[in-house]
Amino acid sequence: MLDMHCHLDLYAEPFEVAKKCQELGIFVLSVTTTPKAWRGTKKLELENSKIRTAIGLHPQVASQRIAELDLFDEILPHTKYVGEIGLDGGKDYSDSYLTQLKAFKHILSSVNRLGGRIMSIHCRYSAKAVLDELENIDGTPILHWFSGNKSELKRAISRGCYFSIGPNMLCSKKGQEILSLIPIDKILTETDGPFGKYNRKILMPWDASIANDIIAERLGFSREKVDFLIRNNLKNLIE
Numbered sequence: 000m001l002d003m004h005c006h007l008d009l010y011a012e013p014f015e016v017a018k019k020c021q022e023l024g025i026f027v028l029s030v031t032t033t034p035k036a037w038r039g040t041k042k043l044e045l046e047n048s049k050i051r052t053a054i055g056l057h058p059q060v061a062s063q064r065i066a067e068l069d070l071f072d073e074i075l076p077h078t079k080y081v082g083e084i085g086l087d088g089g090k091d092y093s094d095s096y097l098t099q100l101k102a103f104k105h106i107l108s109s110v111n112r113l114g115g116r117i118m119s120i121h122c123r124y125s126a127k128a129v130l131d132e133l134e135n136i137d138g139t140p141i142l143h144w145f146s147g148n149k150s151e152l153k154r155a156i157s158r159g160c161y162f163s164i165g166p167n168m169l170c171s172k173k174g175q176e177i178l179s180l181i182p183i184d185k186i187l188t189e190t191d192g193p194f195g196k197y198n199r200k201i202l203m204p205w206d207a208s209i210a211n212d213i214i215a216e217r218l219g220f221s222r223e224k225v226d227f228l229i230r231n232n233l234k235n236l237i238e
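Residue numbers for the sequence shown follow numbering that gives the first Met the number 0, so the first one is 0 and each next one is one higher.
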């Protein structure tokens, strides 16, 4: 089981959640919203766990935290995972868009300079702009909760992007359509917990399995086949 986009540090009891992930053997990509959060969040990587901590600067807080880019550059050599990063083109964040773009460009330049990283990317109302910035950048993008149009999806697929898909995304007709168009070797699962919810309940990392059930149903595969495919996709990504 895997959760490729989870804000582990933002649960009410993060160490308890991390312990259960450790017990269940769940691979968790624990994304951060600011560089300052990385060191504290990394403490959730319990012994023998499959929790990995990504360093990020969330676009929705970029205007408040852009001064932390120097810290981002300091930490980046010590992790192979970056996230949550990206752009948010929503109306609520239009005033900060140029600052978001400045931060995103800086992050991608730093990633490229160090030979690439696995990146969990926010692209809400901004898929084209995100893909534009990813041109000629080393590394492997995972587009979190992708909601772009078909031409943007086709372009992302051509770029070699992975897609992390959660139960919430699969509740919508558009999300189901996107799923049907993604190559099966590029599908990963996520929860976006504790922000992600399903049936009005906060999703925990182990609830990523709900997405496996829905994927199996929508694609006409057995649950066992979906589990195998997603495990194999993770293996190909991190190895």
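We treat Cβ as the ideally placed atom computed from N, Cα and C, and that holds for glycine.
| Query | Result |
| --- | --- |
| Mind checking whether residue 116 and residue 85 have CB atoms under 8 Å apart? | no |
| Residue 171 to residue 2, Cα distance in whole Å? | 20 Å |
| Taking the alpha-carbon positions, what's the residue 199 to residue 105 distance? | 37 Å |
| To the nearest angstrom, how far is it from the Cα of residue 174 to the Cα of residue 64? | 31 Å |
| Taking C-alpha atoms, which residue in 59, 31, 66 lies nearest to residue 53? | 31 |
| With residue 105 as the anchor, note down where its beta strand (DSSP E) starts and where it stops. | Looking at the DSSP string, residue 105 is not in any beta strand (DSSP E); the run it does join, the alpha helix (DSSP H), is 96 to 112. |
| Taking C-beta to C-beta, are residue 28 and residue 0 nearer than 8 Å? | no |
| Buried or exposed: residue 77, going by 16 or more other Cβ atoms within 10 Å of its Cβ? | exposed |
| Need the endpoints of the alpha helix (DSSP H) that residue 87 sits in, please. | From DSSP, residue 87 is part of no alpha helix (DSSP H); its letter is neither H nor E. |
| Within its chain, find whatever has a CB closer than 8 Å to the CB of residue 222; leave out the 5 residues flanking it on each side and keep chain order. | 211, 212, 215 |
| When the Cα atoms are used, what is the spatial distance from residue 58 to residue 79? | 20 Å |
| Does the segment 182 to 191 come close enough to the segment 123 to 135 that 3 or more CB-CB pairs lie under 8 Å? | no |
| Apart from the five residues just before and just after residue 162, which ones in its own chain have a Cβ nearer than 8 Å to its Cβ? | 141, 142, 145, 155, 177, 181, 185, 186, 187 |
| Who are residue 26's beta bridge partners in DSSP? | 1, 49 |
| Could you spell out the range, first to last residue, of the alpha helix (DSSP H) harbouring residue 139? | Careful: residue 139 lies outside any alpha helix (DSSP H), inside the beta strand (DSSP E) at 139 to 143. |
| Inspect the beta-carbon positions of residue 206 and residue 197 and report whether they are closer than 8 Å. | yes |
| Identify, in the order they occur along the chain, each residue of the same chain with its Cβ nearer than 7 Å to the Cβ of residue 41, setting aside the five sequence neighbours on each side. | 52 |
| Look at the Cβ atom of residue 88, then the Cβ atom of residue 128, and state whether they are nearer than 8 Å. | yes |
| Should residue 26 be labelled buried (16 or more other beta-carbon atoms within 10 Å of its own) or exposed? | buried |
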